[in-house]
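Enquirer: One structure follows; several queries about it will come next.
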Amino acid sequence: AQKVTQAQTEISVVEKEDVTLDCVYETRDTTYYLFWYKQPPSGELVFLIRRNSFDEQNEISGRYSWNFQKSTSSFNFTITASQVVDSAVYFCARPLRSRGSTLGRLYFGRGTQLTVWP
Amino acid sequence: NAGVTQTPKFRVLKTGQSMTLLCAQDMNHEYMYWYRQDPGMGLRLIHYSVGEGTTAKGEVPDGYNVSRLKKQNFLLGLESAAPSQTSVYFCASSYAGGDNEKLFFGSGTQLSVL
């Protein structure tokens, strides 16, 4: 599988700080998708975003933003003004195959444990 | 709004025992998946199904079998459990294709094999 690397195993910040979670991916494809999922302490993973390789514009959703850069094969995730409720494990992922297959067949990075202290 | 429901939530097995994990979804999703999560690892795909009566192997299928007799259910079986199968198992489902193809996950099953 073409890998997804999340080099940061754990990050701790104090509430209201900004924090960026890194994701570096490998690909031999010209067209591909990337995902971020959140796993809160309850355990159930929640979809955050899907990005395709055609669109390099940054995405913003409230306090969350994503920076997609093909030149560095990175798809980083920033939380602005972090809150305690943001504490979770965050996974970056990509499909096991880019063509002719369901996008639910994902290769996940190892995840980054984010802890936000009050 | 049940979503994706997994049973049981916890289970302890002895080596060599068998068991079945049940996943049920009420969103009329075509696709269903079984993942396992081990400490310090991302999730890894075991098996998946793109429709009733169809199943396919994922990244780590050895030691597991699956069945999808009904669209809403996806069963994961361990015929002869091994300690290496100690893990948290997640079921997920999704619509088929397009912008809706994001995964909805269950809350997981913690399985320990002694």
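Residue numbers (my numbering), protein chains in the order written: chain A, 824 to 941; chain B, 2 to 115.
Each residue gets a CB set at the ideal place from its N, CA and C atoms; glycine is no exception.
A quick note: this is a predicted structure, and the numbers were derived from the prediction, not measured.
In terms of DSSP beta bridges, what is residue 46 of chain B paired with?
Expert: Partner(s): B:36.
Enquirer: Any contact of the segment 889–896 of chain A with the segment 15–28 of chain B, i.e. 3+ C-beta pairs under 8 angstroms?
Expert: The segment 889–896 of chain A vs the segment 15–28 of chain B: no contact.
Enquirer: Using a Cβ-Cβ cutoff of less than 6 angstroms, which residues in the same chain neighbour residue 864 of chain A once the five nearest sequence positions on both sides are dropped?
Expert: Hits under 6 angstroms: none found.
Enquirer: Smallest Cα separation from residue 67 of chain B: which of B:31, B:23, B:97 and B:104?
Expert: Closest by alpha carbon: B:23.
Enquirer: Please determine if the segment 900–907 of chain A and the segment 877–890 of chain A are in contact, where contact requires at least 3 C-beta pairs separated by less than 8 angstroms.
Expert: Cβ pair count under 8 angstroms is three or more, so yes.
Enquirer: Can you give me the Cβ contacts of residue 932 of chain A inside the same chain, cut-off strictly under 7 angstroms, excluding the 5 residues immediately before and after it?
Expert: Hits under 7 angstroms: 827, 828, 829, 846, 914, 915 and 916.
Enquirer: Quick one: give me the first and last residue of the beta strand (DSSP E) that residue 917 of chain A is part of.
Expert: Looking at the DSSP string, the run of the beta strand (DSSP E) that includes residue 917 of chain A is 911–918.
Enquirer: Give every residue of the same chain whose Cβ lies closer than 7 angstroms to the Cβ of residue 939 of chain A, excluding the five residues on either side of it in the sequence, and list them in chain order.
Expert: Within the same chain, residue 939 of chain A has close Cβ partners 836, 838, 905, 906, 907, 909 and 910.
Enquirer: Return yes when the Cβ of residue 109 of chain B is within less than 8 angstroms of the Cβ of residue 866 of chain A, no when it is not.
Expert: It is a contact, given that the beta carbons lie within the stated cut-off.
Enquirer: Nearest CA to the CA of residue 70 of chain B: which residue from B:86, B:51 and B:79?
Expert: Considering only alpha carbons, the answer is B:51.
Enquirer: Below 8 angstroms between beta carbons: does that hold for residue 65 of chain B and residue 48 of chain B?
Expert: The answer is yes: Cβ separation under 8 angstroms.
Enquirer: Taking Cβ positions, are residue 78 of chain B and residue 21 of chain B nearer each other than 8 angstroms?
Expert: Yes, the Cβ-Cβ distance between residue 78 of chain B and residue 21 of chain B is below 8 angstroms.
Enquirer: Is there a C-beta anywhere in chain B that falls below 8 angstroms from the one on residue 932 of chain A?
Expert: So, interface residue.
Enquirer: Would you say residue 860 of chain A and residue 844 of chain A are within 8 angstroms of each other, going by their C-beta atoms?
Expert: Result no, Cβ atoms of residue 860 of chain A and residue 844 of chain A do not sit closer than 8 angstroms.
Enquirer: Pop quiz: residue 93 of chain B and residue 36 of chain B are said to be a contact at Cβ under 8 angstroms. What is the actual Cβ separation, rounded to whole angstroms?
Expert: Their Cβ separation, rounded to whole angstroms, is 7 angstroms, which keeps residue 93 of chain B and residue 36 of chain B in contact under 8 angstroms.
Enquirer: With respect to the beta strand (DSSP E) encompassing residue 65 of chain B, which residues constitute its N-terminal and C-terminal limits?
Expert: From DSSP, residue 65 of chain B is part of no beta strand (DSSP E); its letter is neither H nor E.
Enquirer: Under a three-way DSSP split, which group does residue 905 of chain A fall into?
Expert: Looking at residue 905 of chain A - three-state DSSP - the assignment turns out to be coil, as it is neither helix nor strand.
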